[in-house]
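Participant: In the numbering used here, the protein residues as written are 199 to 956.
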Amino acid sequence: MADKDEKPEGLTRRDALRVLGVSAGIAMIAPLSGCGGVWERQPVIPVDAWHKGVCRFCGTGCGMMIGVTDNKVVDVKGDEYAHNRGRLCIKGLMNREILYGEGRALYPMIRKNGKLERATWDEAMDLVATRFREAIDEYGPDSVAFYGSGQLYTQESYTANKLFKAGIGTNNMDGNPRLCMASAVTGYTSSFGKDEPAGCYEDMDYSDCFFITGSNTLECHPILWERMLDRKRSHPETRIIVVDPRRTFTAMHADLHLPIYPGTDVALYNSMMNEFIENGFIDRDMVENYLSFQEGKQKRTFEDLKKHVAQYPAERAAKICGISPRDIQEAAFTFASSKATLSIWTMGLNQQVQGTASNRGVVAMHLLTGHFGRPGATPFSLTGQPNACGGVRDTGSLSHALPGGRLVANATHREEMEDLWKVPRGRIGPKPGYHAVALFEAIAKGDVKCCLVMCTNPGQTLPNSNLYRKGMEKGFMVVADSFHPTETTIFADVVLPAAMWVEKEGVKGNAERRYHLYPKVVDPPGEARSDLDILVDFAERIGHGDLITAKTPKDVWDEWRHISAHSKYNFEGITYERLQKERGILWPCPTEDHPGTKRRYIPGEDPMAHGGGRFDFYGKPDGRATVWLDSHEEPVDPYTDEFPLIFNTGRILEHWHTMTITGPVPELQSIHPDYLEIHPHDAHHFNIREGDQVIVRSRRGEVELRAKLSLVVRPGMVFATMHSAKHLVNQVTHDVYDPFSKQPAYKRCAVSVRKKTV
Ligand code: SF4
Numbered sequence: 199m200a201d202k203d204e205k206p207e208g209l210t211r212r213d214a215l216r217v218l219g220v221s222a223g224i225a226m227i228a229p230l231s232g233c234g235g236v237w238e239r240q241p242v243i244p245v246d247a248w249h250k251g252v253c254r255f256c257g258t259g260c261g262m263m264i265g266v267t268d269n270k271v272v273d274v275k276g277d278e279y280a281h282n283r284g285r286l287c288i289k290g291l292m293n294r295e296i297l298y299g300e301g302r303a304l305y306p307m308i309r310k311n312g313k314l315e316r317a318t319w320d321e322a323m324d325l326v327a328t329r330f331r332e333a334i335d336e337y338g339p340d341s342v343a344f345y346g347s348g349q350l351y352t353q354e355s356y357t358a359n360k361l362f363k364a365g366i367g368t369n370n371m372d373g374n375p376r377l378c379m380a381s382a383v384t385g386y387t388s389s390f391g392k393d394e395p396a397g398c399y400e401d402m403d404y405s406d407c408f409f410i411t412g413s414n415t416l417e418c419h420p421i422l423w424e425r426m427l428d429r430k431r432s433h434p435e436t437r438i439i440v441v442d443p444r445r446t447f448t449a450m451h452a453d454l455h456l457p458i459y460p461g462t463d464v465a466l467y468n469s470m471m472n473e474f475i476e477n478g479f480i481d482r483d484m485v486e487n488y489l490s491f492q493e494g495k496q497k498r499t500f501e502d503l504k505k506h507v508a509q510y511p512a513e514r515a516a517k518i519c520g521i522s523p524r525d526i527q528e529a530a531f532t533f534a535s536s537k538a539t540l541s542i543w544t545m546g547l548n549q550q551v552q553g554t555a556s557n558r559g560v561v562a563m564h565l566l567t568g569h570f571g572r573p574g575a576t577p578f579s580l581t582g583q584p585n586a587c588g589g590v591r592d593t594g595s596l597s598h599a600l601p602g603g604r605l606v607a608n609a610t611h612r613e614e615m616e617d618l619w620k621v622p623r624g625r626i627g628p629k630p631g632y633h634a635v636a637l638f639e640a641i642a643k644g645d646v647k648c649c650l651v652m653c654t655n656p657g658q659t660l661p662n663s664n665l666y667r668k669g670m671e672k673g674f675m676v677v678a679d680s681f682h683p684t685e686t687t688i689f690a691d692v693v694l695p696a697a698m699w700v701e702k703e704g705v706k707g708n709a710e711r712r713y714h715l716y717p718k719v720v721d722p723p724g725e726a727r728s729d730l731d732i733l734v735d736f737a738e739r740i741g742h743g744d745l746i747t748a749k750t751p752k753d754v755w756d757e758w759r760h761i762s763a764h765s766k767y768n769f770e771g772i773t774y775e776r777l778q779k780e781r782g783i784l785w786p787c788p789t790e791d792h793p794g795t796k797r798r799y800i801p802g803e804d805p806m807a808h809g810g811g812r813f814d815f816y817g818k819p820d821g822r823a824t825v826w827l828d829s830h831e832e833p834v835d836p837y838t839d840e841f842p843l844i845f846n847t848g849r850i851l852e853h854w855h856t857m858t859i860t861g862p863v864p865e866l867q868s869i870h871p872d873y874l875e876i877h878p879h880d881a882h883h884f885n886i887r888e889g890d891q892v893i894v895r896s897r898r899g900e901v902e903l904r905a906k907l908s909l910v911v912r913p914g915m916v917f918a919t920m921h922s923a924k925h926l927v928n929q930v931t932h933d934v935y936d937p938f939s940k941q942p943a944y945k946r947c948a949v950s951v952r953k954k955t956v
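(1) Across which residues does DSSP place R604 in a beta bridge pair?
(2) Ligand 1 and K250: does any heavy atom of the ligand fall closer than 6 angstroms to the residue's C-beta?
(3) Among the residues of its own chain, which have a CB less than 6 angstroms from the CB of E354, if the five just before and after it don't count?
(4) Given this structure, state the Cα-to-Cα distance separating Y356 from T593, to the nearest angstrom.
(5) Secondary structure at I542, three-state DSSP: helix, strand or coil?
(6) Write down every uninterrupted run of the alpha helix (DSSP H) in the region 738 to 780 whose length is 4 residues or greater and which is fully enclosed by it, in chain order.
(7) Short of 6 angstroms in beta carbon distance, which residues of its chain neighbour D453, apart from the five on each side in sequence? Order them along the chain.
(8) Among K779, F330, S939, whose alpha-carbon lies nearest the alpha-carbon of K250?
(9) Any idea if N269 is buried or exposed, counting beta-carbon neighbours within 10 angstroms, 16 or more meaning buried?
(10) Can you pull the DSSP bridge partners for I264?
(11) Can you list the beta strand (DSSP E) stretches of 3 or more residues lying completely in the region 504 to 580, in chain order?
(12) Cα separation between M675 and K643?
(13) When the distance is taken between beta carbons, is C653 closer than 7 angstroms to G673?
(14) So, with DSSP's three-state summary, where would you put R849?
(15) Just verifying my parser: in three-state terms, what is the DSSP assignment at V635?
(16) Could you name the residues of the same chain whose beta carbon sits closer than 6 angstroms to that of V220, not counting the 5 residues immediately before and after it, in chain order?
(17) Would you report the Cα separation of G346 and A748, rounded to the nearest angstrom?
(18) I think K706 touches K718, with their Cβ atoms under 8 angstroms apart; what is that distance to the nearest whole Å?
(19) Have a look at D839 and L874 and give me their C-alpha separation to the nearest angstrom.
(20) Tell me which residue opens and which closes the beta strand (DSSP E) that K497 is part of.
(21) My output table needs one value for A189: the three-state DSSP class, helix, strand or coil.
(22) Quick check on this structure: which residue in C378, F409, N662, S389 has the alpha carbon closest to the alpha carbon of T539?
(23) In terms of residues, what are the limits of the beta strand (DSSP E) holding P695?
(24) Could you tell me the distance, in whole angstroms, from the CA atom of N928 to the CA atom of V934?
(25) If distances are taken between C-alpha atoms only, which option among A512, E616, Q552 comes closest to Y944?
(26) Taking the continuous alpha helix (DSSP H) assigned at F474, which residues delimit it?
(27) Ignore the nearest five residues each way along the sequence and tell me which others in G811's own chain have a CB closer than 8 angstroms to its CB.
(28) At the level of alpha carbons, what is the spacing between G265 and P722?
(29) In chain order, what residues have a CB nearer than 5 angstroms to some heavy atom of ligand 1?
(30) Tell me the rounded alpha-carbon separation between W237 and Q867.
(31) Where does V910 sit, in a helix, a strand or coil, going by DSSP?
(32) On the premise that Y351 lies in contact with N708, defined as a C-beta separation below 8 angstroms, what is that separation, rounded to the nearest angstrom?
(33) Please go through the same chain and pick out, in chain order, the residues whose beta-carbon is closer than 6 angstroms to the beta-carbon of I859, but skip the five residues on each side of it.
(34) Quick check on V734: does DSSP put it in helix, strand or coil?
(35) Please report the Cβ distance between I176 and G520, rounded to the nearest whole angstrom; I am assuming they are in contact, meaning their Cβ atoms lie under 8 angstroms.
Shown next, in the form of structure tokens:
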């Protein structure tokens, strides 16, 4: 019997999950036609030519073949020579459909008398340049800003970063990766001195223990989940531990599930470290020769760490986390005693007030037990967007950062970039610009007058969104997007139609440091242009055409890879010619004959690592990775009698972010992510029945959702997806953020729930 909200036509949620093998317990993703007729693609037109490309969606970066006929993408299929071994998930298979759904932005628009009206490119770009120029002349360069995306191509983020920081002279350059992985960046940089994971996807083929924490991998990174299941199928002794407040589809497959309260990860990891020490699982060589210890600004020792984590015996941590002490002990034993443990995490860890501390807690567990730098043994953060790593993290396209892991607050780093970009010393300011939440606060206050938003939808994704949506009405907002209307273009003064995916060419870097090429194989619709073309045009009109001399994707890539040679991120050897031939290459890769680097910090394997020891943590002056002594902190938005439930948000398999791309796909329109998961005990207590419309209220706002009684959430917790524009859950979420990463804490706030009365 079909679920009430599922239409017979199109792909149902149950079908999609069955394709993933959830109901059968065996995953079968590709080829889709082999899934017992669960769902069949619409007939496709015969393909004239197949092109090697990459999926547009998540940070897994699956290789695919793209079939084109008459300037139209008519089919896609998994690339069996790429790391995903020919597999694609549901979203991957929809790459054809997303190009031709409704709502594509086709021509520039300018707001006149309160309404967006069609304009020419010249009119729109002249207006944008004039307004930015006027603001800069009158209020200085910090009165303008750029807000980008982990979905732009690397060439686009790099060009915007150079234009704003070295041309216009403002560090007001941030983007949506601040909302999704900034805590992973601060976790890595404070532990290793350099950002980005040390391992690679191939490690999943060698692990005996997967520690999945704060990640619903089955739904959010399904192809990597499949790879982990491959390992378990061939080596049934492989253990999967899942730490997640919800009993997600991922957790249902776990050998051990720890349903901790949101925001209690630090207590759990400290307790596990205590178990490692008490049971003799510490790698002494690692501790003595490759690690340092720190608490705040103070240097510490391993003896200090022992005392610190001894404050978290399993019984105490279990009370904080809301789980059993035995499960903590079992998780610690399984983690430490396996031959090779690999940890996976994503937003569940990153989107917390203690996001940085949670990230470095997982890293510390690997360093202390020696589960690092061997095949299958590594801490590994995943990313939700396809180019948050290669496009934003590596190019330093955030308000505090500069390319190749440099920081704007570091005078040497600024001078290095000023020399490489050939601008006068002193052009790059020493003060970090506004990070995401602070930027939209500054727009609301009138401190930032003009903002160029590219390829993202902050009107829907910012936490406590009512506040910032009001702000967007005040500033001069320019929004370049492939779709209109969105919850951001509705506030725009100028909308610029942008090409997407294979309507333009560029390079992206996935979660394992793999750069790969996205070819242009069809023309964009209407008058849409690539974001790179828009930026080059903007640079010329605003008087920085001399700075932005590289104007094509290949020329920008060549400039950027040569600049990378002046950093430990060196990928000068990844030429366009290699990208066209190969299935992506992992950096560091300093020369054209270098094969790329699977594991970092290992002398002999990583070309940046030196010496004859096991490791060279070259990002740190003393060559040692840092283990941090962090303490659990109580939640910022506590539950009370008035707000008695913990609200948590996340994603589902079939839809992407704010649904601007997947929402118009007919096959996905029968899947409605507009529900509130509530435990039957809580539903009974609040007199709520399945399907009731309910009002979820926090200290900031409220949202209406459809009740879905579910054992996936534990009593006292409710959950909604972030996807639906009709039900803006971020009216409820909290805009408090991690003090180091400035990443907002979407994963926990206090709410009340009541049945809607008509
Ligand atoms: S796992 Fe990610 S990259 Fe791979 S097909 Fe699915 S959405 Fe695309």
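Ideal Cβ placement from N, Cα and C applies to all residues, glycine included.
Facilitator: On the basis of the coordinates in this document:
(1) By 1-based counting over the sequence shown, the position of residue 604 is 406. DSSP, once it has assigned bridges, lists L600 as partnering R604.
(2) Against the sequence shown, residue 250 aligns to sequence position 52. Not so, every heavy atom of ligand 1 lies at least 6 angstroms from the Cβ.
(3) Taking the sequence shown and counting its residues from 1, the one referred to as residue 354 is at position 156. Same-chain partners within the cutoff: D729, L730.
(4) As a working note, residue 356 is residue 158 in the sequence shown. As a working note, residue 593 is residue 395 in the sequence shown. Cα to Cα, the separation comes out at about 6 angstroms.
(5) Position 344 of the sequence shown, counted from the start, is the residue given in the question as residue 542. Strand, per DSSP.
(6) Correct list: 751 to 762, 774 to 779.
(7) Here residue 453 refers to the residue found at position 255 of the sequence shown. Once the five neighbours on either side are set aside, the close Cβ partners of D453 are R437, I438.
(8) For this step, residue 250 is matched to residue 52 along the sequence shown. When only C-alpha atoms are compared, the closest one is K779.
(9) One-based indexing of the sequence shown puts residue 269 at position 71. Classification of N269: exposed, given that the 10 Å Cβ count is below 16.
(10) Along the sequence shown, read from residue 1 onward, the residue named residue 264 stands at position 66. Looking at the DSSP assignment, I264 forms a beta bridge with H249, V274.
(11) 539 to 543, 576 to 579
(12) For the purposes of this step, residue 675 is identified with residue 477 of the sequence shown, where counting begins at 1. For the purposes of this step, residue 643 is identified with residue 445 of the sequence shown, where counting begins at 1. Their Cα atoms are separated by approximately 14 angstroms.
(13) As a first step, residue 673 must be located in the sequence shown, where it is residue number 475. As a first step, residue 653 must be located in the sequence shown, where it is residue number 455. Result no, Cβ atoms of G673 and C653 do not sit closer than 7 angstroms.
(14) Position 651 of the sequence shown, counting from 1, holds the residue named residue 849. Three-state DSSP puts R849 in coil, outside helix and strand.
(15) Residue mapping note: residue 635 aligns to position 437 of the sequence shown, counting from 1. Correct three-state label for V635: helix.
(16) Translated into the one-based positions of the sequence shown, residue 220 becomes position 22. Note that V220 scores 38 on pLDDT, short of 50, meaning its location in the model is unreliable and no value can be drawn from it.
(17) The residue labelled residue 346 in the question sits at position 148 within the sequence shown. The residue labelled residue 748 in the question sits at position 550 within the sequence shown. Between the alpha carbons of G346 and A748 lies a distance of about 20 angstroms.
(18) Residue mapping note: residue 706 aligns to position 508 of the sequence shown, counting from 1. Residue mapping note: residue 718 aligns to position 520 of the sequence shown, counting from 1. Going by Cβ atoms, the distance from K706 to K718 rounds to 14 angstroms, so no, they are not a contact pair.
(19) Reading the sequence shown from its first residue, position 641 is the one you call residue 839. Reading the sequence shown from its first residue, position 676 is the one you call residue 874. So the alpha carbons of these two residues sit roughly 20 angstroms apart.
(20) For the purposes of this step, residue 497 is taken as the residue at position 299 of the sequence shown. Counting along the chain, the beta strand (DSSP E) containing K497 begins and ends at 496 to 498.
(21) The structure shown does not extend to residue 189, since the chain spans only 199 to 956, so no value can be given for it.
(22) Along the sequence shown, one-based indexing puts residue 539 at 341. Of the candidates C378, F409, N662, S389, the one whose C-alpha sits nearest the C-alpha of T539 is F409.
(23) To locate residue 695, count along the sequence shown from 1; it is residue 497. Start and end: 692 to 695.
(24) Start at 1 with the first residue of the sequence shown, and residue 928 comes out as number 730. Start at 1 with the first residue of the sequence shown, and residue 934 comes out as number 736. N928 and V934: Cα-Cα distance of roughly 13 angstroms.
(25) Position 746 of the sequence shown, counting from 1, holds the residue named residue 944. Nearest option by C-alpha distance: Q552.
(26) Translated into the one-based positions of the sequence shown, residue 474 becomes position 276. Start and end: 463 to 476.
(27) Counted from its first residue, the sequence shown places residue 811 at position 613. Hits under 8 angstroms: N487, Y488, P801.
(28) Along the sequence shown, one-based indexing puts residue 265 at 67. Along the sequence shown, one-based indexing puts residue 722 at 524. Their Cα atoms are separated by approximately 16 angstroms.
(29) C253, F255, C256, T258, C260, L286, C287, K289, G290, I421
(30) Taking the first residue of the sequence shown as position 1, residue 237 is located at position 39. Taking the first residue of the sequence shown as position 1, residue 867 is located at position 669. Bear in mind that the predicted position of W237 carries a pLDDT of just 44, short of 50, making it unreliable; the figure below should be weighed with that in mind. Taking the straight line joining both Cα atoms gives about 15 angstroms.
(31) Residue 910 sits at position 712 when you count from the first residue of the sequence shown. It is coil, neither helix nor strand.
(32) Here residue 708 corresponds to residue number 510 of the sequence shown, with the count starting at 1. Here residue 351 corresponds to residue number 153 of the sequence shown, with the count starting at 1. The beta-carbon distance between N708 and Y351, rounded to whole angstroms, is 13 angstroms. This is too long to meet the 8 angstroms contact definition.
(33) Numbered from 1 along the sequence shown, position 661 holds the residue referred to as residue 859. Result list for I859: I296, in chain order.
(34) On the sequence shown, residue 734 is found 536 positions in, with the first residue counted as 1. In this structure, V734 counts as helix in the three-state DSSP scheme.
(35) Residue 176 cannot be examined here, being either before or after the span of the chain that is shown, 199 to 956.
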